[in-house]
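Protein chains in written order, with the working numbering: chain A, 2 to 547; chain B, 7 to 507.
What follows is a set of notes on a single structure, which appears directly below.
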């Protein structure tokens with residue numbers, strides 16, 4: 002008996018400690034934020050790009066780079082070369098500057114930036130062409146040019162074919178103690194030439210181009226991690242993420258997908274939106290039930306931020322309205338026993354003062370989705386926020402599309418240096434569902450199993466703290482079982498007649514009264530018409546000669 | 007001699023100045039002009055619909071201080087270079103806007119468009135319409151009561167709820183103006199006027215513009231074709247009858263073209279709201295009905311949503327919404343739904359009927375931003391008529407149906423009498439009433455089926471417009487003692503039947 006008591010006491014103490022620890026955790030990031038304000042932050046990165054190059058999808062490169070930096074825990078500030086102001090690098094307390102050349106045909110230049118970068122003592126990364134002399138000097142290499150080449154990424158096992166390259170700058174005769182990331186094989190008739198993809202030389206780094214998928218992505222992650230964090234390279238297993246889960250989605254397909262993943266023992270996250278309207282409909286209850294089913298079958302829910310349309314009719318996106326909307330969403334989810342362990346949102350949310358403050362900052366864990374083609378800007382902000390943990394989301398389909406000698410989706414090829422989630426859109430059609438099912442079964446990866454991760458996942462909602470650890474959910478430290486409700490529960494019950502109030506009854510009487518009145522009027526109208534016709538005939542008869 | 011001529015001219019001028027039509031136009035001109043052109047100018051703020059009209063006509067909002075809904079924006083930019091925008095819908099409103107831009111560039115600026123130029127254009131056409139209508143209603147009589155009729159026309163049509171539309175890029179001003187010309191022309195044609203063909207031309211042009219100004223006006227082609235059929239009793243020559251046949255074909259073709267040329271972007275919005283603000287709106291759990299109609303139950307969750315609402319659980323342009331929802335139903339689907347669910351339909355119609363006489367758009371401000379004005383401020387200047395009608399006109403669909411029924415029966419009798427006595431005016435009146443009644447009821451049905459309960463005050467504008475014309479005509483007929491029989495040929499024809507027998 003006593004022993005049971007002591008173990009319970011121990012458990013309580015442990016919980017108490019966990020709580021204290023989680024409280025402390027909350028304090029630390031705040032301190033870090035203060036530090037960064039003071040300009041001493043070691044994690045500030047300045048991204049300077051030339052052009053969005055929208056026509057050639059150059060925005061995707063910026064988006065990808067920004068997300069990767071946030072996933073690395075860097076506080077990123079983004080600006081264009083033209084808008085760069087003298088002294089920014091020196092006074093901003095940046096740890097690194099990244100020069101991104103998105104459109105090499107137009108040589109954007111800004112003397113202030115070139116001079117500041119030359120004098121900058123921190124890390125310098127150059128992505129793309131137009132390497133300047135001082136940068137090449139920093140890299141201790143000569144710059145060469147490749148024109149019209151078919152390139153391949155090559156590692157021990159696999160070759161990934163890249164799209165035809167028009168022109169590219171490469172580093173020749175690199176001197177000193179340098180590191181390389183990935184290898185590019187040049188296809189030429191005589192002999193295969195191999196050059197490095199990413200290069201770090203002291204505090205300088207170079208990437209000839211930026212890829213948003215495939216081996217390129219992995220090398221980029223490795224290079225940035227090495228240069229910016231100085232830590233031993235970490236290996237993250239990818240998180241499987243199901244996206245485009247909305248109340249309007251095909252729930253049968255979602256449930257089927259969950260069952261398939263559950264059977265294979267794969268843990269997965271779902272980024273789901275929620276509606277707070279029409280919660281009395283069966284369709285809503287069905288949606289909630291599927292999400293709960295996922296929670297009970299290896300799934301973890303992330304709240305996907307609402308889609309923003311910001312129309313003239315319903316008002317603008319503001320801190321107040323966004324806070325209200327998300328608070329409502331979270332409350333509703335909580336009341337339905339759906340415990341989201343983070344927030345999923347496209348990258349533009351993180352680069353917007355209103356959206357990141359009132360939206361993303363509520364969560365410890367963020368899934369950073371790629372930007373859609375068109376998105377609203379509420380309060381444009383050049384700097385992005387940082388989070389306890391942020392995932393870089395890449396689409397699984399893009400990896401499948403990569404032309405490689407064999408699938409990249411094997412454990413050997415996929416070692417991510419940055420927390421990464423690979424997403425699958427919830428299929429809309431049966432054919433697509435079958436395809437997704439097949440694709441997932443072919444993948445030879447170890448997915449991230451959050452239930453085996455000893456670290457705690459945490460989400461604050463008002464005065465409640467939701468935590469997740471080893472597959473269990475806790476609310477303010479107390480474990481909660483997720484009870485799936487039967488579908489039968491939602492019956493179309495008619496209210497008993499005794500509930501109808503007096504006023505309603507009177508209204509009903511009037512309503513039926515108006516119907517009676519309508520009938521009376523119509524009948525009398527018809528009568529009148531008949532009488533009118535009769536009268537007219539009598540009138541005519543008077544003139545008839547008999 | 008000269009002096010004599012002059013004095014004759016002066017007498018004629020004096021006479022002209024004293025005619026009811028001139029006085030009506032003058033008074034209306036003063037009342038409306040004050041509202042529109044004397045600062046602070048009044049009109050409607052943009053509710054977002056302006057975009058449909060302005061971009062492809064080469065105008066853009068000057069973004070730095072452009073506000074939606076709250077304040078009227080007097081100035082817009084005129085595009086200087088290549089205009090990449092394509093028409094969101096096919097509309098005759100473009101003619102007016104293009105003309106206004108031309109005048110603006112001639113007199114004011116090549117780069118800045120002042121909204122008063124389009125207002126001025128509408129204003130001139132509108133006053134012409136008032137002159138024409140008064141002429142038509144007082145045609146062939148020289149009674150003092152004509153001034154009463156003129157007074158009523160001013161009271162009804164100088165009302166600010168109509169004229170506020172002029173300082174805006176809504177399509178409604180075109181509808182208001184064309185309805186005036188159309189109504190006046192048809193009255194004149196019945197009254198055996200001179201220059202019948204010219205009046206008919208006015209009627210035809212007005213009808214065509216009316217049909218093609220807005221997608222929801224396309225079905226009006228049917229009502230107007232019916233009305234044109236009545237003209238077969240007016241024009242008796244064979245070549246004129248061919249002309250009429252051709253006109254009917256033209257009207258129907260215009261209606262079809264307007265319906266068909268709506269670009270998909272535009273109809274997506276309407277389709278979405280037809281469901282979310284219509285079919286789904288009055289049902290507790292619309293899921294089962296959707297499933298029966300071949301649409302996923304989940305879309306019942308869109309109940310009450312507006313297309314383009316700030317925060318949405320799903321992207322409204324996503325494949326799920328477009329392919330699994332919007333493509334799964336059409337006009338016929340919605341109509342069938344309402345036929346199977348008469349209760350929902352009646353409830354929606356009642357919502358519409360509530361707004362039947364709400365002409366002034368309450369959702370947008372009427373003033374431009376200036377010290378002393380506040381956002382969404384509404385003007386009450388010269389709005390007594392709509393205020394009275396808005397307050398006292400019954401707000402149930404049953405009433406409208408009953409009213410239409412009574413009018414139909416009454417005018418069928420008049421038509422029957424006219425047919426018997428060979429009074430073309432009465433026959434035409436009967437056709438006109440049938441057309442107007444179908445317009446009123448049709449407008450209710452189409453706004454519900456076509457866009458749910460969204461923007462009802464604007465969508466229903468044909469209802470008060472038609473009703474006002476009916477009220478005016480009945481009022482004039484009663485004053486002229488010509489309700490049952492027309493004035494000119496009335497008496498001698500009345501005795502004809504007895505002589506024949």
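No residue lacks a Cβ here, since even glycine has one placed at the ideal position from N, Cα and C.
Residue 416 of chain A has no beta-bridge partner at all, per DSSP. Rounded to the nearest angstrom, the Cβ distance from residue 384 of chain B to residue 78 of chain B is 12 angstroms, too far for a contact under 8 angstroms.
By the neighbour-count definition (other C-beta atoms within 10 Å, threshold 16), residue 251 of chain A is a buried residue. Around residue 239 of chain A, the same chain offers 415, 417, 421, 422, 423, 446, 448 and 449 as residues with beta carbons nearer than 7 angstroms, after the five sequence neighbours per side are excluded. Within the segment 361-389 of chain A, no residue places its CB atom closer than 7 angstroms to a CB of chain B. The residues 468, in chain order, have a CB closer than 6 angstroms to that of residue 475 of chain A in the same chain once the five nearest residues on each side in sequence are set aside. When 9 angstroms is used as the limit between beta carbons, residue 275 of chain A is near these residues of chain B: 319, in chain order. Across the set A:132, A:128, A:109 and A:136, the C-alpha of A:136 shows the shortest separation from the C-alpha of residue 121 of chain A. For residue 291 of chain B, the closest Cβ of chain A is nearer than 8 angstroms.
At a cut-off of 3 residues, the continuous stretches assigned as beta strand (DSSP E) that sit fully inside the segment 89-125 of chain A are 97-101.
Measuring C-alpha to C-alpha distances from residue 523 of chain A to each of B:196, B:133 and B:415 identifies B:415 as the nearest. Cβ neighbours of residue 228 of chain A within its own chain (closer than 8 angstroms, five residues either side excluded): 97, 124, 126, 201, 204 and 206. Using a Cβ-Cβ cut-off of 9 angstroms, residue 251 of chain A is close to 302, 304, 326 and 330 of chain B, given in chain order. Judged by DSSP secondary structure, residue 468 of chain A falls within the beta strand (DSSP E) whose first and last residues are 465-470. Residue state for residue 355 of chain B is assigned as helix, using DSSP reduced to three classes. Listed by position along chain B, the residues whose Cβ is nearer than 8 angstroms to that of residue 322 of chain A are 316 and 317. For residue 179 of chain B, the enclosing alpha helix (DSSP H) begins and ends at 178-196. Looking at the DSSP output, residue 481 of chain A sits in a beta bridge with A:474. Beta-bridge analysis with DSSP links residue 50 of chain A to A:81 and A:101. For residue 310 of chain B, at least one C-beta of chain A is nearer than 8 angstroms to its own C-beta. Every alpha helix (DSSP H) of 4 residues or more that sits fully in the segment 107-160 of chain B is shown, in chain order, as 121-143. For residue 149 of chain A, no CB of chain B lies under 8 angstroms from its own CB, so it is not counted at the interface with that chain. Its chain contains 66, 67, 82, 103 and 175 as the residues whose beta carbon lies nearer than 8 angstroms to that of residue 60 of chain B, once the 5 sequence neighbours on both sides are disregarded; these appear in chain order. Contact fails between the segment 427-436 of chain B and the segment 222-232 of chain B, because fewer than three Cβ pairs, one in each stretch, are under 8 angstroms apart. Contact annotation for residue 284 of chain A against chain B: 293, 303, 304, 306 and 307 [CB-CB distance below 7 angstroms, chain order].
The C-alpha of residue 359 of chain B is placed about 44 angstroms away from the C-alpha of residue 116 of chain B. Apart from the 5 residues on each side of it in sequence, residue 226 of chain A sits with its Cβ closer than 8 angstroms to the Cβ of 73, 232, 234, 235, 418 and 419 in its chain, given in chain order. For residue 415 of chain B, the chain A residues whose Cβ falls inside 8 angstroms of its Cβ are 526 and 530, in order along the chain.
DSSP links residue 214 of chain A through a beta bridge to no other residue.
Contiguous beta strand (DSSP E) elements confined to the segment 156-180 of chain A occur at 160-162 and 166-173, taking only those with 3 or more residues. A residue is called buried once 16 or more other Cβ atoms fall within 10 Å of its Cβ, and residue 282 of chain B is buried on that count. The contact set of residue 419 of chain A on chain B, defined by CB atoms closer than 8 angstroms, is empty, because the minimum CB distance reaches about 27 angstroms. Collapsing the DSSP output to three states places residue 127 of chain A in a strand. Ranked by how close their Cα comes to the Cα of residue 22 of chain B, the residues B:105, B:180, B:43 and B:137 have B:137 in first place.
Ranked by Cα distance from residue 477 of chain A, the first of A:484, A:471, A:466 and A:470 is A:466. If you compare the alpha carbons of A:395, A:65, A:404 and A:454 with that of residue 244 of chain A, the shortest gap goes to A:395.
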